[in-house]
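**Student:** Under UniProt numbering, think of the first position of the sequence shown as 1, with each following residue one higher. No residue lacks a Cβ here, since even glycine has one placed at the ideal position from N, Cα and C.
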Amino acid sequence: GGREANQVSDDYRYQDGNYDAPNAGYYRGGDEPAQEEDAQSDVTEGHDEDDEVYEGEYQGIPHPDDIKEKQKRAPAMADEYRDRADLMAERMEDEEQLAHQYENIIEECGHGRFQWTLFFVLGLALMADGVEVFVVGFVLPSAEKDMCLSSSNKGMLGLIVYLGMMVGAVLLGGLADKLGRKQCLIISLAINAAFAFLSSFVQGYGFFLFCRLISGLGIGGTLPIVFAYFSEFLSREKRGEHLSWLCMFWMIGGIYASAMAWSIIPHYGWGFSMGTKYHFHSWRVFVLVCSLPCIASLVALKFMPESPRFLLEIGKHDEAWMILKQVHDTNMRAKGEPERVFTVSYIKTPKQVDEFIEIQSSTGTWYQRWLVRITTTLKQVWDNVLYCLTAQYRMNTLMLAVVWFTMALSYYGLIVWFPDMIRYLQDEAYDSRVKIFDEEEVSHFTFNFTLENQIHRNGEYRNDKFIGMKFKEVKFEDSLFEDCYFEDVTSSETFFENCTIISTVFYNTDLYEHKFINCRLINSTFMKEKEGCHIDFEEDNDFLIYLVSFLGSLSVLPGNIISALLMDKIGRIKMIGGSMLISAVCCFFLFFGNSESAMIGWQCLFCGASIAAWNALDVITVELYPTDKRATAFGILNGLCKFGAILGNSIFSSFVGITKVVPILLASSALVGGGLLALRLPETREQVLM
1 GGREANQVSD
11 DYRYQDGNYD
21 APNAGYYRGG
31 DEPAQEEDAQ
41 SDVTEGHDED
51 DEVYEGEYQG
61 IPHPDDIKEK
71 QKRAPAMADE
81 YRDRADLMAE
91 RMEDEEQLAH
101 QYENIIEECG
111 HGRFQWTLFF
121 VLGLALMADG
131 VEVFVVGFVL
141 PSAEKDMCLS
151 SSNKGMLGLI
161 VYLGMMVGAV
171 LLGGLADKLG
181 RKQCLIISLA
191 INAAFAFLSS
201 FVQGYGFFLF
211 CRLISGLGIG
221 GTLPIVFAYF
231 SEFLSREKRG
241 EHLSWLCMFW
251 MIGGIYASAM
261 AWSIIPHYGW
271 GFSMGTKYHF
281 HSWRVFVLVC
291 SLPCIASLVA
301 LKFMPESPRF
311 LLEIGKHDEA
321 WMILKQVHDT
331 NMRAKGEPER
341 VFTVSYIKTP
351 KQVDEFIEIQ
361 SSTGTWYQRW
371 LVRITTTLKQ
381 VWDNVLYCLT
391 AQYRMNTLML
401 AVVWFTMALS
411 YYGLIVWFPD
421 MIRYLQDEAY
431 DSRVKIFDEE
441 EVSHFTFNFT
451 LENQIHRNGE
461 YRNDKFIGMK
471 FKEVKFEDSL
481 FEDCYFEDVT
491 SSETFFENCT
501 IISTVFYNTD
511 LYEHKFINCR
521 LINSTFMKEK
531 EGCHIDFEED
541 NDFLIYLVSF
551 LGSLSVLPGN
561 IISALLMDKI
571 GRIKMIGGSM
581 LISAVCCFFL
591 FFGNSESAMI
601 GWQCLFCGAS
611 IAAWNALDVI
621 TVELYPTDKR
631 ATAFGILNGL
641 CKFGAILGNS
651 IFSSFVGITK
661 VVPILLASSA
671 LVGGGLLALR
681 LPETREQVLM
């Protein structure tokens, strides 16, 4: 009987409710030791020490250890067969519990040294975003000469930064909800710093355009990540105020760029040359200096932790707890209370629904593994984008999209329109001072001085010399040049129309063929033309450009202070609506801006009134979306904002010198419509961060 029972125990074993094939073994991952011939076994006597056979195993009764193991695995196995909607409902319930618990934890941690340190680190990143907007506008007057840029090339260079920022906001904002705030912000700043640095050295227009595009793509991700990152370290009572204070760094970035341009670019000799092909002039030094805030933020960010709210969202409880304890201890030590203990022992983590795919190192080639990881991550980002348009968030997303777009269209359009209008008013004043000379006769005279803003009609010039001089905004009409000599002459916006030029020599001049319109050249010689660009460039008043940008950036300081102090008192919705409606009223006063000083004054008033709406938009966008969608939603809306900026720049600049009515009516109507729609958004100042 013992041998028969022993044979049965060898052939079939009951395990987890299934009968295994012979020699399968009871222990997973191990081989069953061989049974000796004379081994004894009895059904009623416990178990054999060699075989670990459990008493009653033959009757199909499972081992107690198996029961415990199956109970542990039961929830995980059950999730596989549960409907995804049920899992999402359970996750949303967990997130709601976590939101209230996390708010209490942040209040226990307090607001102190840690938040202020993070405030300045993220402020530098936001400052880099502000600098990026102004860089190209400041370097264009100098870069166009070095790179020989036409008007279309200059326009493309001005828009390419916004195009990069639009793509970067959506892409990097979406990745921040999957890879983490800190990691994606480091990637964003590193891309911007590397390509901004590289753009200062490249010589060709195409490569410079590419570097500014990728630089804009990098910095485009900073805005959605910075606000999502900082908001997750703030309590409900502090969030609106301190996010508004953080917005001041964008203003500081504009002031920094204006001051650096003012002090560096006019010093054209600050640089070096290598042969005749490579030139590193002062505007390139300015581009280098403008990358310093980004580099400083990148270095400081290495010492800051990841957002604990994000870590809890992906189930990393212990890491989040350690960071929150660090925040608590840092603030308590700064307050002189190091003995206070962090009382939180357990934090609710939401149920993890998304599948995590880990690819073994032996699966495929390295690039195939990376391709699978990248495509999987991008699909998750795309799912997040679509989630922002589901029934729960669709209406809020669409209303916010309209408000962001109308605000960007009017603000960025007018920001470009103001300096263009000031330049147009300057040109009108300059043209009004033109000197006209009719039927003058000059012979045997040497011109060795500058002729500027003149028109010469029906003149006769015989045996005259034009040596070492400059023509600036000079036009000769129906004139005669006979036996004249031009040497070492430079010109700007100078043309000869319907002139007759006889036996005249042009040596080392930039009077190229296109400057002679319907002229007759008889026995005239062109020798050793000046090398370089054949395009005439407008002489910009650099000082005025820097001054306008500096005053426009500085004018938002009062609006920043007011919005920070009142954000949590009057609410986000009233702040947005009131600011946009006041800005629309400011637009109507532009009809009375008929001088440079008036245009500068109205620009400052408009910027100061509109900044409160920008700050409130940043705050409400952060608060309306849950943690796992927050940066994605902010990135989508900020990308739409940059699209509005591109349209605004293109539309408003096309009406300069034609009419003021269309830009003013377009801007004011967009602001009124967006402001009224903003009043229908839900107020968020009393809700916890989901």
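#1: According to the Cβ coordinates, are residue 137 and residue 215 closer than 8 Å?
#2: Would you mind sorting residue 245 into buried or exposed? The rule is 16 or more other CB atoms within 10 Å of its CB.
#3: Does the segment 571 to 584 come close enough to the segment 519 to 530 to have 3 or more Cβ pairs within less than 8 Å?
#4: Assess, as a yes-or-no matter, whether the segment 202 to 215 is touched by the segment 630 to 639 under the definition of 3 or more beta carbon pairs within less than 8 Å.
#5: What does the Cβ neighbour count give for residue 397, buried or exposed, with the cut at 16 atoms within 10 Å?
#6: Between the alpha carbons of residue 265 and residue 546, how many angstroms are there, rounded?
#7: Do residue 251 and residue 286 have their C-beta atoms within less than 8 Å of each other?
#8: Quick check on this structure: which residue in 128, 373, 580, 548 has the alpha carbon closest to the alpha carbon of residue 420?
#9: Can you look up residue 264 in the DSSP assignment and give me helix, strand or coil?
#10: When burial is assigned at 16 or more other CB atoms within 10 Å of the CB, is residue 456 buried or exposed?
#11: Can you list, in chain order, the residues of its chain whose CB lies under 7 Å from that of residue 170, leaving out five sequence neighbours each side?
#12: Rounded to a whole number of angstroms, what is the C-alpha to C-alpha distance between residue 748 and residue 511?
#13: How big is the Cα-Cα spacing for residue 241 and residue 655?
#14: Would you say the segment 280 to 300 touches the segment 315 to 324, given that touching needs at least three Cβ pairs under 8 Å?
#15: Taking just the CA atoms, how far does residue 493 sit from residue 435?
#16: What's the C-alpha gap between residue 393 and residue 217?
#17: Ends of the beta strand (DSSP E) at residue 472?
#18: For residue 670, does the count of other Cβ atoms within 10 angstroms reach 16, so buried, or fall short, so exposed?
#19: Name the two residues that bound the continuous beta strand (DSSP E) containing residue 480.
#20: Ignore the nearest five residues each way along the sequence and tell me which others in residue 69's own chain have a CB closer than 6 Å to its CB.
#21: Taking the continuous beta strand (DSSP E) assigned at residue 507, which residues delimit it?
#22: Can you tell me which of the three DSSP states residue 491 falls into?
#23: By how many angstroms is the C-alpha of residue 413 removed from the C-alpha of residue 646?
#24: I'd like to check one pair, residue 466 with residue 442: are the Cβ atoms closer than 8 Å?
#25: Since residue 449 is in the beta strand (DSSP E), which residue starts that stretch and which ends it?
#26: Taking only runs that begin and end inside the segment 374 to 452, name each unbroken alpha helix (DSSP H) of 4 or more residues, in chain order.
#27: Are the Cβ atoms of residue 630 and residue 619 separated by less than 8 Å?
#28: For residue 337 and residue 108, what's the separation of their Cα atoms in angstroms?
**Tutor:** The short version:
#1: In the sequence shown, counting from the first residue as 1, residue 137 sits at position 137. In the sequence shown, counting from the first residue as 1, residue 215 sits at position 215. Cβ atoms of residue 137 and residue 215: not closer than 8 Å.
#2: Position 245 of the sequence shown, counting from 1, holds the residue named residue 245. Buried.
#3: Not touching, per the Cβ criterion.
#4: no
#5: In the sequence shown, counting from the first residue as 1, residue 397 sits at position 397. Burial call: buried.
#6: On the sequence shown, residue 265 is found 265 positions in, with the first residue counted as 1. On the sequence shown, residue 546 is found 546 positions in, with the first residue counted as 1. Cα-Cα distance, rounded: 10 Å.
#7: Translated into the one-based positions of the sequence shown, residue 251 becomes position 251. Translated into the one-based positions of the sequence shown, residue 286 becomes position 286. Taking 8 Å as the Cβ cut-off, residue 251 and residue 286 do not qualify as a contacting pair.
#8: Position 420 of the sequence shown, counted from the first residue, corresponds to residue 420. Comparing Cα-Cα distances from residue 420 to each of 128, 373, 580, 548, the minimum goes to 548.
#9: As a working mapping, residue 264 is identified with position 264 in the sequence shown. DSSP places residue 264 in helix when its eight states are reduced to three.
#10: For the purposes of this step, residue 456 is taken as the residue at position 456 of the sequence shown. Buried: at least 16 other Cβ atoms inside 10 Å.
#11: Here residue 170 corresponds to residue number 170 of the sequence shown, with the count starting at 1. Cβ within range, chain order: 635, 636, 639.
#12: Not covered by the structure: residue 748. The range shown for the chain is 1 to 690.
#13: If you number the sequence shown from 1, residue 241 lands on position 241. If you number the sequence shown from 1, residue 655 lands on position 655. Approximately 39 Å, taken between the alpha carbons.
#14: no
#15: Indexing the sequence shown from 1 puts residue 435 at position 435. Indexing the sequence shown from 1 puts residue 493 at position 493. Cα to Cα, residue 435 sits roughly 15 Å from residue 493.
#16: The residue given as residue 393 occupies position 393 in the sequence shown. The residue given as residue 217 occupies position 217 in the sequence shown. Roughly 27 Å between the two C-alpha positions.
#17: Taking the sequence shown and counting its residues from 1, one reaches residue 472 at position 472. Looking at the DSSP string, the run of the beta strand (DSSP E) that includes residue 472 is 470 to 477.
#18: Taking the first residue of the sequence shown as 1, we reach residue 670 at position 670. So residue 670 counts as buried.
#19: As a working mapping, residue 480 is identified with position 480 in the sequence shown. Here the beta strand (DSSP E) through residue 480 covers 480 to 482.
#20: Within the sequence shown, the letter at position 69 stands for residue 69. Below a pLDDT of 50, predicted positions are generally treated as unreliable, and residue 69, at 49, falls in that range; the measurement from the model is reported next regardless. Here the set comprises nothing.
#21: Here residue 507 is taken as the residue at index 507 of the sequence shown, counted from 1. For residue 507, the enclosing beta strand (DSSP E) covers residues 505 to 507.
#22: Translated into positions along the sequence shown, residue 491 becomes position 491. In the structure shown, residue 491 sits in a strand (DSSP, three-state: E or B).
#23: Position 646 of the sequence shown holds residue 646. Position 413 of the sequence shown holds residue 413. Cα to Cα, the separation comes out at about 8 Å.
#24: Counting from one through the sequence shown, the residue named residue 442 turns up at place 442. Counting from one through the sequence shown, the residue named residue 466 turns up at place 466. No. Outside cutoff.
#25: Counting from one through the sequence shown, the residue named residue 449 turns up at place 449. First-last for residue 449: undefined, no H or E at that position.
#26: The segment 374 to 452 contains these whole alpha helix (DSSP H) runs: 394 to 432.
#27: Your numbering for residue 630 matches position 630 in the sequence shown. Your numbering for residue 619 matches position 619 in the sequence shown. In this structure, residue 619 does not lie closer than 8 Å to residue 630 by Cβ.
#28: Within the sequence shown, the letter at position 337 stands for residue 337. Within the sequence shown, the letter at position 108 stands for residue 108. Taking the straight line from one Cα to the other gives about 13 Å.
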